[in-house]
Structure formats: C-alpha cells, structure tokens
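In what follows, a structure is listed as structure tokens, so that the remarks can point back to it.
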Amino acid sequence: MATNRQKRVAAIHDISGIGKCSLTAAIPVISAAGHEAAVMPTAVLSTHTGNINGFTYRDLTDDLVPFADHWKSLGIIFDGIYSGYLGSAHQIDIVCDFIERFREDETVVIVDPAMADGGKMYTNFDFAFAKEMKRLCHKADIIVPNMTEAAFLLGEEYSEPPYSREYIESVLKRLLEIGPEMVVLTGVDFGDGKIGCGVCCKNGECQYYFSEHYSGVYYGTGDLFASALTGAYLKGKDIFESARIALDFTCAAIKRTYDAQTDTRLGVNFEQGLGDYIKSLGGN
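So the sequence shown is numbered by this note's numbering: it starts at 39 and just counts up by one.
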C-alpha cells in the first residue's frame, strides 16, 4: 500500500449548526491534519445544548446501521475511528458494533466519552449511562475524558480542583484498567493558575502539559481538543506530542475568544488557528 495514501477517519458525533462542537469541530480540524473525515452523524441540532434553550433536535439513531452497512458494502477501510457525543445507550451499542466490524490491525480507536462536565451529567444522561460508556472505552486505544467524565467512568463522585499529582496519577492508572492503551485526561488543575492535561500509557509513562487558565466556560473545547489530538496522532506524532499540540491549539482558540469577548456559548475561534495547527504537524 502506498505510503502517501491519505488516511481516513470515521467521525461519529452529532452535528450542531451553531456552537463549533462535535462534527463542526471534527471535520475542519481532521481535514487540516490532512486526513479524510468520514462522518456518521448521530443527531442534528440547531445548536449545542449547553446553556442554550429552544434548540431543535433530530435523532438519527435509525440511520447509523444503514450507514455502516453501506460503507461495508463499498469496502471502506478506516485508519481511525473517533467517537464523541452519543445520545443513548443504544447508540453506544451501535458504535461498539461498528468498531468490531471496521477495526483493522492498524486502526486506531479514539473515544471521547462526552457525557458530563463541571461535576454534572449532560441533559438526559444518568450514571447508568456512564456504565454503558465504560463498555465503549474498553474497546478504545485512546480515551479522552475530562475530570468529571473520569470520575463517573470510575463510579466515583466528582472532586473539585485543585488536585494533587498523586490523585491525578491514580485516576489515570485506574482509567487504563478499563482497557485503553492510552489515556489523555483534560481539566487537570494543580492550583497554580494553569490548566491542562495528563497523559498516561500502559507502560507506566505519564506526562503533563499546561496552558493559561482563562475565566469563563468555553463550549466545544473538549471536542476541539480531541479532534486535534486525533489529527496529530494519525499524522504520526506520539501520544505525548499529540496532546501538547492539541492543548496549544485549543488554548490559542480560547485566548482568541477571551480577547474578543464574544459569546462563549457559540464556540471558540479555532478557525484562525488552523494554519498554526498545520505548521505544528509539520505541514501537509
């Protein structure tokens, strides 16, 4: 197989017309990394659901298996499978089956267990859903939870920051026991005015990366980080370099938005940083 073959990523997320999250983040970022983003939309919304009322929602669960069947009939092969927000336990079942059907020896499976933040489950989710999400994380090579999602995956109550290094390393190692080869934990805060991520592998190696902490809630940044991580990793960067690149890209988008004082519910300005992201990957 040609070494210059373009890589293809199955991005399984919802699509929100406004909010710069899920597929509207995944598609441009993965594309900027030089990969094909093959999208499987789990739902279509007018906006994301975070602190916005009156959004429209169309569930596409019934379309997911026919999507997969058609792709299989075409002989489509994926270098990466990347899942994000899934609206129900049934959708988790479908994605688990999708991984079984499409995973090849070299396929990388990245799961962002998007279900909670700030100590709370997202609308319509409960702790039973976290147990279902844990099944999906078991099938992943890389998982990218935030601190709240990590606690719920481990069946624990969420702890407010700041955190000790010992606590974070305990969380990372216990997340690895769920099944993935690598964990990238976001929202790590040691109380020094910085925020970042902890990265740990099955071989025991752990590293941390931090950025400035800007006040406010910045919607869609978890999706942005996971998408940038996916793009970098499939570009050939190791998990540590991929996490650093993703953090720098996401932090720059937050700073751009913070400086502009725009409505953070509508997403962060990552588009103007795509050129820098491409450069950080060594170009296309």
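For glycine and all other residues, C-beta sits at the position ideal for the given N, C-alpha and C. Note that the structure is predicted; figures quoted are calculated from it, not measured.
Residue j beta carbon less than 8 angstroms from that of residue i
i: Ala189; j: Leu213; result: no
i: Lys348; j: Glu219; result: No answer is possible for residue 348: it lies beyond the span of the chain, which begins at 39 and ends at 322.
i: Thr259; j: Thr288; result: yes
i: Ala281; j: Val222; result: yes
i: Gly57; j: Thr85; result: yes
i: Gly269; j: Ala70; result: yes
i: Tyr120; j: Ala152; result: no
i: Asp107; j: Thr145; result: no
i: Pro200; j: Asp227; result: yes
i: Tyr160; j: Thr87; result: yes
i: Gly236; j: Ile283; result: no
i: Pro66; j: Leu304; result: no
i: Gly19; j: Leu83; result: Since the displayed the chain opens at 39 and closes at 322, residue 19 lies outside it and no answer follows.
Of the listed residues the options, nearest to residue i (C-alpha basis)
i: Leu262; options: Glu279, Gly229 and Tyr315; result: Tyr315
i: Ile148; options: Val306, Glu195 and Ile277; result: Ile277
i: Lys45; options: Gly236, Leu304 and Ile114; result: Ile114
i: Asp100; options: Ala75, Leu191 and Ile132; result: Ile132
i: Gly193; options: Arg203, Val182 and Phe167; result: Phe167
i: Ala290; options: Gly55, Tyr257 and Ser249; result: Ser249
i: Gly320; options: His251, Val306 and Leu272; result: Leu272
i: Arg335; options: Asn162, Ile283, Thr80 and Phe140; result: Here the chain covers residues 39 to 322 and nothing more, so residue 335 does not appear.
i: Thr186; options: Asp150, Glu204 and Ser265; result: Asp150
i: Lys110; options: Ser253, Lys275, Ala127 and Glu142; result: Glu142
i: His73; options: Ser265, Asn91, Asn162 and Ile283; result: Ser265
i: Ala127; options: Thr94, Arg139 and Phe163; result: Phe163
i: Glu309; options: Ala154, Arg43, Ala64 and Gly274; result: Ala64
i: Ala76; options: Arg139, Cys238 and Ile50; result: Ile50
i: Ile181; options: Ala298, Val209 and Arg139; result: Val209
i: Glu279; options: Ile137, Phe93, Tyr246 and Asn307; result: Tyr246
i: Gly156; options: Glu138, Asn307, Asn89 and Glu204; result: Asn89
Supposed contact pair residue j and residue i - C-beta distance, whole angstroms, cut 8 angstroms
i: Ala224; j: Val255; result: Reading off the sequence, residue 224 comes out as Thr, not Ala. That belief does not hold up - the Cβ atoms of Thr224 and Val255 are roughly 14 angstroms apart, past 8 angstroms.
i: Gly234; j: Leu267; result: In fact, because the Cβ distance is near 13 angstroms, the residues do not count as touching under 8 angstroms.
i: Leu102; j: Met78; result: 6 angstroms
i: Ile216; j: Cys244; result: Ile216 to Cys244, Cβ: 16 angstroms. No contact.
i: Ile68; j: Ser60; result: In fact, because the Cβ distance is near 12 angstroms, the residues do not count as touching under 8 angstroms.
i: Tyr252; j: Lys293; result: 7 angstroms
i: Lys275; j: Cys238; result: Lys275 to Cys238, Cβ: 17 angstroms. No contact.
Residue i: first and last residue of the uninterrupted beta strand (DSSP E) it sits in
i: Ile115; result: Ile115 -> no beta strand (DSSP E), and no H or E assigned at all.
i: Asp97; result: Tyr95 to Asp97
i: Leu216; result: A small correction: the amino acid at residue 216 is Ile; Leu does not occupy that position in the sequence shown. That residue, Ile216, is in no beta strand (DSSP E); it is neither H nor E in DSSP.
i: Ile90; result: Note, Ile90: premise wrong, no beta strand (DSSP E); not H, not E.
i: Tyr160; result: Run containing Tyr160: none; DSSP gives neither H nor E here.
i: His51; result: Arg46 to Ile56
i: Phe248; result: Cys244 to Glu250
i: Gly31; result: It is not possible to answer for residue 31, since the shown part of the chain is limited to 39 through 322.
i: Val146; result: Val146 to Val149
Cβ-based burial, residue i [other Cβ within 10 Å; buried from 16]
i: Met39; result: At Met39, the pLDDT of 42 sits below 50, so the modelled position is not reliable and the matter cannot be decided from this model.
i: Pro104; result: exposed
i: Gln129; result: buried
i: Lys327; result: Any answer about residue 327 is impossible in this case: the structure gives the chain only from 39 up to 322.
i: Asn322; result: Any reading at Asn322 needs caution, since the residue's pLDDT is 48, under 50, leaving its predicted position unreliable; the model's value is listed next. Burial call: exposed.
i: Gly242; result: exposed
i: Ser197; result: exposed
i: Lys317; result: exposed
i: Lys172; result: buried
i: Lys169; result: exposed
i: Thr295; result: buried
i: Leu48; result: Rather than Leu, the amino acid found at residue 48 in this sequence is Ala. With 16 or more other Cβ atoms within 10 Å, it is buried.
i: Phe165; result: exposed
i: Ala154; result: buried
Continuous alpha helix (DSSP H) stretch holding residue i: start and end
i: Val67; result: Leu61 to Ala70
i: Ser318; result: Leu312 to Ser318
i: Val133; result: Ala127 to Phe140
i: Met78; result: Segment Glu74 to Thr85 is the beta strand (DSSP E) holding Met78; no alpha helix (DSSP H) there.
i: Thr259; result: Thr259 to Leu272
i: Thr288; result: Ile277 to Ala298
i: Lys177; result: Careful: Lys177 lies outside any alpha helix (DSSP H) and carries neither H nor E.
Residue i: CB within 7 angstroms of a non-hydrogen atom of the ligand PLP
i: Cys235; result: The ligand PLP is not among the ligands present in this structure, which contains no ligands whatsoever.
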